[in-house]
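Here is the structure we will look at.
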Amino acid sequence: MTIKEALSRGLKGTGKLRVSVNHASILTITALLLILFIAFTIRILPMRWEIPSGSLWLNEFDPYYQYSLTSKMVNDGLLSPYSPPWINTQQFYPDGLDMSQSFPSLPMTAAVLYNIISGLGVSIDLMSFCSLMAPLLGTLAVLVMYFVGKDMGGKTVGLLSALILALMPSYIQRSSLGFFDTETVGVLALLLFIFMFMRAIDFNRSFRSMVLYSLGSAAALFYFSAGWGAAYFLIDLIAVYVFVLVLIKRYNQRLLMVYSITFGLGLFATINVPLLSPRYLMSGAILPVAAVFVVLCLAEILRTNITMRTKTILSVAFLAILVGGVVGVAVFGDLTSIAGKFISVVDPFQRSAQPLIESVAEHRISAWGSMYYELGISILFFLVGMYFTVKNPTNRNVFLVLFGLSSLYFAGSMIRLLILLAPAFALLVSNGVLGLLRPFYTLIHESTSQAVSKSKRRLSRVGKEYSVIAILLIFGLLATNFAFSPQTGGEPRVYNMAYSPIAITASSLPIAANEPVPQWRNMVAYMNTNLNQTDVVASWWDYGNWIGYLGNVTTLCDNNTVNATQIENVAYSMMANESQSLKMLKNYDASYILVFVTLQLPISNNQLAGNVRFGGYGDEGKWVWMADISGNAKPRFLSTGYMTSDYQWSNKTDFGYNMTSGVTEWNDMGLNSTLYKLMSNAEKQWADKYGFTMTETASTLEYFTPVYIAGLEVDPTTAAQKYGTLLPLVCLYKIDWEKYNASITTP
Amino acid sequence: MFPKVPDQHKPGKPLVPWGLGVIYVLFASIYIFLAYFLGVGKTTDGVSAPLTLAVCILFGGFMGMLDDWIDLKWRYKAFMPLITALPLMYFVLANPEMRTSISVPLFGTVQFGDAYIFIVVPLIVMVITNTINMLGGLNGLETVGPAIILIGLTVLSSSTFQILMIGPLIIWLILAFFNFQGKIFVGNTGSFAIGLTIASFAVLTDLKSSLLISVIPYVFNSILILSSVFFIRKKANVTFDGKKLVSDHRRSLVTLLTYRRPLTERQVVTIISLIIAVFTAIAVGVEIFSI
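Same order as they appear, the protein sequences are chains E and X.
Residues 4 to 750 in the working numbering are what the first sequence lists, from first letter to last.
Residues 244 to 534 in the working numbering are what the second sequence lists, from first letter to last.
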């Protein structure tokens, strides 16, 4: 072979390698890049409030928990929280919180990425990095959404569903700046899994790619179930999907192989997570996987060429195995009950009996109103998309229908699970929109106007312009949905959702002020400088993570509602009178107590005048849960002597809450509760300072002395200008143990 | 640019452009959007009435267009307006000052409570849209009647809504004028769009009882048609003898009027319009005097 030949062959080779570029693909890539840009930009909008505060913090409460895991991993190694189990005694004092009982995907991802970028020399503090993780992973999920959609219905469906997911309000909320929580990796892993599993069972692919994609989907399944509790949903969905495929006679060997590889490897890897452990395989939600596997094996045997008699015997045998297995597990093994949260999703009515779960706002049942509020008029396209998808039942579309229906059910059951609906919704809406557009689009491209046969009117000819108008109408509907949605007063829902500060920077107020609302930030800064790490601060669990991680003190309870008894006790000490409350807090060596109250400033005729009263966004709104949760444990408190026959309550009505009107008229019991006294005293301090009268009555505190009240320094005019008549007060009280001890020794 | 269909009730069956209701839909929604952005009925928080109205009109046009194109089955047509009820239901839900009762003259006020949001509003939307769609087929019939009802409702509504409705109303009147002369047809696009306009406008302005009185002729027509379809399984059919319309049965409002009594198309339309005008006048009178 001469050099010339070799050269020319080599050149030809590079020619083959060259990526073929045409107009369509340039457009697609540009559009995709734009969508990703939009997705990321929208998700970092809350940064506007973080920049004046000096550092990027995390949103809400749970992300701080994930952050502490990440921080431990970065400092002590990736597996440090798990072996030996890391007990964090700064939380849920005195028992501490077993941090090994957590989902590792998110903190590990963040820790690995953080190590990589710090290794590259980028200096960024860990909290800011974690804060940025959410938008990054969210954008990545949008990219994966494009590929999922592309497989389902071509590039157009891919692009449209990526755009819809990028703009989905419920998803933006859970992937915007600072939302460093399990859902962030959850949705990404969910989409990755769907993408790979669907490709693996695709008949048009080679055996090699089937094996590769099965391995990939096993990895994604592991990543998912080690990352988000909602993995049960997907696992069962896939099991049901495969079962349905068998039922509609779509069984083939490939299905069996993919199913075995995916679930075998995926679940095998999953049980190594300490939180899940091998018990996971025996839980009620995972058992269907095994059952469907038996069904698949049966289907495989029935395919082969054997006599009818053998087939019958085998079928009966398999059925016997199936039934026997279920009965056996139920009788001998223990069908591990899945955590109450998951049962309560499937059966929302069970939840009203559990105030601890119900008290978490995001666990509540979503009313149809909130569904419409979130999704808008695109529900129309969702229904249309469902219609088109059902009419064309390919393997992927069967999955899409099951996915859409089941996630719709769960989203209706629990508002937080709207995020599970988001990918299915995006796919179905794009199917709907494009299905509607397609005939009109084809018509525009026809060279001559087309005759449309109509049964009734015998329509002769239709002009191209007519279909342009139809497209315009659909565009109009989409525009009302995304740009000026009527249900949110004309402002895009996306904008409302994205352009709002993270919870602590807004001091838990439901407003988007022009500047950060600094009261909570001031409080944690105060704690950092003036309190010791070992000082126990009692507070309602909503604030446990903030004061624990940001204020660096020891807390009694937080969002990890692992120790229900302790939360009931804290609720009790909030609602009981001062001496009873201290009797309880004494068990926990608490030296401080923190309450958060928001005040509603009176404004009449643009004048600040009248009575200042409780606003309803702090503990003055949350106390109903404290009353219910502690009232739920009434038998225990009665038997331990914390409640007596003349001093007891069973729910919020005992403090003056009116069930029918939803208004509270504080009665004697309510007025004497520790929480009320602490809140009204803080209110009185502010009212006295600026010369206001107040609606609530404040009585003198016996055993508590105010140490620091953040928000006291804000004068009414400033509050009205900045926060629109709401004023947050974060109040820290010191417990006077000497006085209390003296009072119990000298009765 | 518009497709042409033969006019069945004219000698020689001339071809007439059809589906011009889409002009109304586009104009009305753009007009309402513009009005909204210029500050008419703008709200800083809560649900926006103008945008809700615009969505309803857009959707009505869209549904009508689907029907014009692929001849929706009646069960889809009957229930599709329910989707449009969603924004309206949410509007009522978010505005507690809206009345959840309907006052019927000589009968008193019926208080529905929550059932108003979940049952009555969807029912209003579904029934009104379909009943208005049912009375048509003659030149001017499907445009003049709704125009009269809409004028009545606009007169009764607050100034904000009057501003919102005046633009769409003028366009509709122009279409009605040409339609009456037999120059154009509005098609189902127009018919559904105007039906949803009327229904959503009445819900948004809280003028339910006026609406219910105004549409009595329509409801009467629908009852005639539906009962003959259900009981004797026959459809209404009016025959054209070259000059006048005549029928040998009484299965709809049109056939009832022309029952063994030949009338010209224009006469029939005028009579029906007058009947609608009388009922609308009663509705306006009742509303004005009851305050």
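Note that the Cβ used here is the ideal one computed from N, Cα and C, for glycine as well.
For residue i, which option in the options has the closest C-alpha, if you only look at C-alpha atoms?
i              : options                        : result
residue 271(X) : 437(X), 380(X), 340(X), 354(X) : 437(X)
residue 471(E) : 242(E), 184(E), 440(E)         : 440(E)
residue 213(E) : 264(E), 432(E), 45(E)          : 264(E)
residue 322(X) : 687(E), 386(E), 42(E)          : 386(E)
residue 667(E) : 676(E), 655(E), 165(E)         : 655(E)
residue 348(X) : 457(X), 517(X), 472(X), 469(X) : 457(X)
residue 511(E) : 61(E), 474(E), 54(E)           : 61(E)
residue 199(E) : 220(E), 184(E), 699(E), 181(E) : 220(E)
residue 769(E) : 137(E), 677(E), 724(E), 168(E) : No statement about residue 769(E) is possible, as the shown extent of chain E runs from 4 to 750 and does not include it.
residue 567(E) : 616(E), 632(E), 535(E), 604(E) : 632(E)
residue 342(X) : 467(X), 261(X), 449(X), 502(X) : 449(X)
residue 365(X) : 257(X), 327(X), 421(X)         : 327(X)
residue 401(E) : 137(E), 544(E), 204(E), 285(E) : 204(E)
For residue i, does the three-state DSSP call read helix, strand or coil?
i              : result
residue 511(E) : coil
residue 514(X) : helix
residue 735(E) : strand
residue 161(E) : helix
residue 382(E) : helix
residue 487(X) : coil
residue 98(E)  : coil
residue 505(E) : coil
residue 93(E)  : coil
residue 593(E) : strand
residue 535(E) : coil
residue 647(E) : strand
residue 518(E) : coil
residue 614(E) : strand
residue 256(X) : coil
residue 711(E) : strand
residue 54(E)  : helix
residue 324(E) : helix
residue 604(E) : coil
residue 104(E) : coil
Go ahead and label residue i buried or exposed: buried means 16 or more other beta carbons lie within 10 angstroms of its beta carbon, across all protein chains shown.
i              : result
residue 751(E) : Look at the range of chain E in this structure, 4 to 750, and you will see that residue 751(E) is not part of it.
residue 528(X) : exposed
residue 26(E)  : exposed
residue 245(X) : buried
residue 685(E) : buried
residue 317(X) : exposed
residue 339(X) : exposed
residue 638(E) : exposed
residue 371(X) : buried
residue 738(E) : buried
residue 571(E) : buried
residue 451(E) : Only weak support exists for where residue 451(E) lies, its pLDDT of 49 falling under 50; the coordinates are left without a value.
residue 486(E) : exposed
residue 519(E) : buried
residue 432(E) : buried
Check: Between the stretch 250-273 of chain X and chain E, which residues of the former have CB atoms less than 8 Å from a CB of the latter, in chain order?
Finding: 258, 261, 262, 265, 268, 269, 272
Next item on the list: Identify each residue in the stretch 472-483 of chain E for which the Cβ-Cβ distance to at least one residue of chain X is less than 8 Å, and report them in chain order.
Entry: 472, 473, 475, 476, 477, 479, 480, 483
Check: Looking at chain E, which residues of the stretch 314-336 of chain X have a Cβ within less than 7 Å of any of its Cβ atoms?
Finding: 314, 326, 329, 330, 333, 336
Note to self: Can you pull out the residues from the stretch 371-393 of chain E whose beta carbon lies closer than 8 Å to at least one beta carbon of chain X?
What the structure shows: 372, 375, 376, 380, 382, 383, 386
Next item on the list: Using a Cβ-Cβ cut-off of less than 7 Å, list which residues of the stretch 295-311 of chain X approach chain E; keep chain order.
Entry: 295, 297, 298, 301, 302, 304, 305, 308
Next item on the list: Identify each residue in the stretch 490-512 of chain E for which the Cβ-Cβ distance to at least one residue of chain X is less than 7 Å, and report them in chain order.
Entry: 490, 492, 493
Notebook entry, point to check: In chain order, what residues of the stretch 306-329 of chain E put their CB closer than 7 Å to some CB of chain X?
Noted result: Here the close residues number zero.
Notebook entry, point to check: Which residues, in chain order, does the stretch 424-448 of chain E contribute to contact with chain X at a C-beta distance below 7 Å?
Noted result: Using a CB distance below 7 Å, no part of the stretch 424-448 of chain E faces chain X.
Item checked: Contained alpha helix (DSSP H) runs [length at least 4] in the stretch 346-383 of chain X, N- to C-terminal order -> 364-377
Checklist line | alpha helix (DSSP H) runs wholly inside the stretch 394-458 of chain E, at least 4 long, in chain order | finding: 398-416, 421-448
Checklist line | Interface residues of the stretch 426-450 of chain X facing chain E [CB-CB below 8 Å] | finding: none
Next item on the list: Name, going along the chain, the residues of the stretch 393-413 of chain X whose beta-carbon falls closer than 7 Å to a beta-carbon of chain E.
Entry: none
Next item on the list: Could you name each continuous alpha helix (DSSP H) segment of 4 residues or more that falls completely within the stretch 420-504 of chain X, going from the start of the chain to the end?
Entry: 430-448, 451-457, 459-470, 496-500
Next item on the list: May I have a chain-ordered list of the beta strand (DSSP E) segments no shorter than 3 residues that lie completely inside the stretch 654-700 of chain E?
Entry: none
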